[in-house]
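In the working numbering, the protein residues as written are 3 to 184.
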């Protein structure tokens with residue numbers, strides 16, 4: 003019987019927990035641009051979905067968000083609490099869950115996805131992250147669509163393009179090792 007990352011096992015839960023921790027670490031590796039800082043978190047969203055699959059990838063993001071909601075300073079800039087989730091950048095946090103799920107599901111459509119398939123799946127997941135992030139940024143910060151895009155999408159775009167390539171190459175190299183162990 004073939005194992006897929008979609009099966010929930012103790013090892014799968016451990017991997018999801020590891021990605022929750024990596025998200026917390028990634029929040030501290032940042033360029034503090036207002037109102038949306040550029041962090042390494044998007045790389046870990048990409049890797050969690052692509053390596054663990056949709057369910058475990060999303061679960062890792064939910065675990066990360068729960069750590070922040072209960073008061074641990076795991077959000078960008080060492081912030082914590084429900085206020086971050088309902089604030090201007092909270093849509094990105096919700097997007098992390100949805101994006102990891104979508105890109106994980108798309109990645110899982112192929113038994114052995116190539117680099118270009120991975121890049122497409124990861125790009126689709128990141129479109130979800132940025133769509134939800136920009137919507138909440140527009141609503142909470144009362145920004146026009148163009149202003150929200152100019153502060154919430156354009157600054158991190160070049161870095162995220164590089165992260166998409168890096169995540170695809172990393173996944174291509176180590177995905178089979180994860181599949182055999184979950």
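All C-beta atoms, glycine included, are put in the ideal place defined by N, C-alpha and C. From a predicted model like this one, the values you see are computed outputs, not experimental measurements.
> Got a sec, what are the start and stop residues for the alpha helix (DSSP H) residue 150 sits in?
Replying inline: It spans 147-154 - the alpha helix (DSSP H) in which residue 150 sits, taken as one unbroken run.
> Around the C-beta of residue 88, are 16 or more other C-beta atoms found within 10 angstroms, so that it is buried, or is it exposed?
Replying inline: In summary, residue 88 is exposed, with fewer than 16 beta-carbon neighbours lying within 10 Å of its beta-carbon over all protein chains present.
>> Please state whether the Cβ-Cβ distance between residue 101 and residue 130 is less than 8 Å.
In response: Going by C-beta atoms, residue 101 is nearer than 8 Å to residue 130.
> Candidates 70, 174, 80, 86: which alpha carbon is nearest residue 109's?
Replying inline: Closest by alpha carbon: 174.
> Would you report the Cα separation of residue 5 and residue 55, rounded to the nearest angstrom?
Replying inline: Confidence is the limiting factor: at residue 5 the pLDDT is only 49, short of 50, which leaves the residue's position unreliable, though a coordinate-based value still follows. Each residue's Cα considered, the two are about 12 Å apart.
> Where does residue 33 fall in DSSP's three states?
Replying inline: Reduced to three states, the DSSP call for residue 33 is strand.
> Three or more beta-carbon pairs under 8 Å between the segment 18-25 and the segment 39-53, yes or no?
Replying inline: Between the segment 18-25 and the segment 39-53, the count of Cβ pairs shorter than 8 Å is three or higher; the stretches touch.
>> DSSP has residue 77 in a bridge; who is on the other side?
In response: Residue 77 pairs with 81.
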